[in-house]
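Going by full-length UniProt numbering, the sequence shown opens with residue 1, and the numbers climb by one from there. Glycine included, each C-beta is placed from N, C-alpha and C at the ideal position. The structure appears below as structure tokens.
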Amino acid sequence: MPSAESQRTPPPEDERIGDRDLGDWRSDSGRFVVRAAVRGAAVLGRLGRWSLANLALVLTVGVGLGLVWAFAEVSAEVYENVVDRDGISVIDQPVLDWSVGMRTPESSRLVTDFTDLGGTVGMPLIALLAGVGLAIAWRRWTPLVLMAIASAGSLAITITGKGLAGRARPPQSLAVPPFESSASFPSGHTLNATVVLGLTAYLLVIWIRKRRWRAVVIVVLGLLIVAMGLSRVYLGHHWLTDVIAGWAIGLGWLASVITGHRVRITLARRHPTGSPDA
């Protein structure tokens with residue numbers, strides 16, 4: 001006789017990746033996050049009319065944003081402590097010197113065109129197109145809402161992180177124009193690309209049914225994230241440690257947004273009230 005588990009209705013396609021149910025938490029730490037979100041959202045629920053699932057999403061990403069901000073501050077402090085000592089910063093100048101030696105006029109032009117995609121115009125446009133396109137494909141608001149949250153948080157973290165460290169960029173004599181004047185640590189292009197392209201990859205692998213194409217999406221967008229960071233060093237716009245910090249902080253914020261989405265899925269099933277499309 002079939003077990004109750006085998007008779008359970010499978011989750012909707014936009015709540016799983018292949019056979020993996022995004023509402024199924026297999027680790028103790030994951031289940032702890034869900035319990036904490038339930039308790040916090042229950043308290044906040046007394047102050048408004050949102051569903052428990054939506055409140056849990058806001059609470060989870062809010063806590064995640066706070067943790068990533070704290071990580072950015074610690075990263076800035078660590079940088080200050082190692083900049084004049086032996087540490088990861090000692091690789092900055094050799095890597096930059098190597099990049100300068102590898103440049104040609106043609107490669108500099110091509111890399112500049114590519115890195116502009118991660119700038120203040122290119123990356124918001126990519127985020128908008130990805131969010132709207134995936135919202136249409138899913139026929140739900142979820143991708144657009146998550147992209148808006150992720151992009152806003154990424155921008156806030158970038159501005160805050162630069163203000164905390166105040167690190168000078170590499171000398172203009174070693175950089176390819178146009179030059180930039182904002183603080184160098186962390187790399188905003190790298191951080192924002194990590195978040196936007198990483199979230200796009202996550203949403204796409206939920207939507208795509210074939211495993212091989214999910215793998216292609218992850219590899220291609222992952223390589224673009226890596227390339228965006230390395231382009232900043234190649235052009236002399238950032239030190240390598242700025243880029244490493246951008247990747248690390250961006251991945252932390254991306255994980256917070258994805259966790260918030262999964263928590264919302266879990267609680268929407270347990271407490272099916274409010275709008276299903278938020």
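| Check | Outcome |
| --- | --- |
| May I ask which residues mark the beginning and end of the alpha helix (DSSP H) holding T142? | T142 to A165 |
| Using CA atoms only, rank isn't needed, just tell me which of I218, S99, V233 and K210 is closest to Y202. | I218 |
| Closest to S184 by C-alpha separation, out of A156, S173, D242 and V216, would be which residue? | D242 |
| Quick one, are the C-beta atoms of M147 and A193 less than 7 Å apart? | no |
| For A245, tell me which candidate among T9, W69 and R209 has the shortest Cα-Cα distance. | W69 |
| DSSP on R20, reduced to helix/strand/coil? | strand |
| Is D86 helix, strand or coil when you go by DSSP? | Since pLDDT at D86 reaches only 49, below the 50 mark, its modelled position is unreliable, and the value read off the structure follows with that caveat. Note: D86 maps to coil in three-state DSSP. |
| Please identify the residue among P170, L125, R169 and P171 whose C-alpha is closest to the C-alpha of S151. | L125 |
| For G131 and V145, what's the separation of their Cα atoms in angstroms? | 8 Å |
| For H238 and V61, what's the separation of their Cα atoms in angstroms? | 29 Å |
| Going by C-alpha to C-alpha distance, which of E13, L22, I17 and T9 sits closest to R264? | L22 |
| Expressed to the nearest angstrom, what Euclidean distance is found between the alpha-carbon atoms of D92 and L240? | 5 Å |
| For the candidate residues V257, L230 and G250, whose alpha-carbon lies nearest to that of F114? | L230 |
| Closest by CA to V220, which one among Y234, W207, G198 and S181? | G198 |
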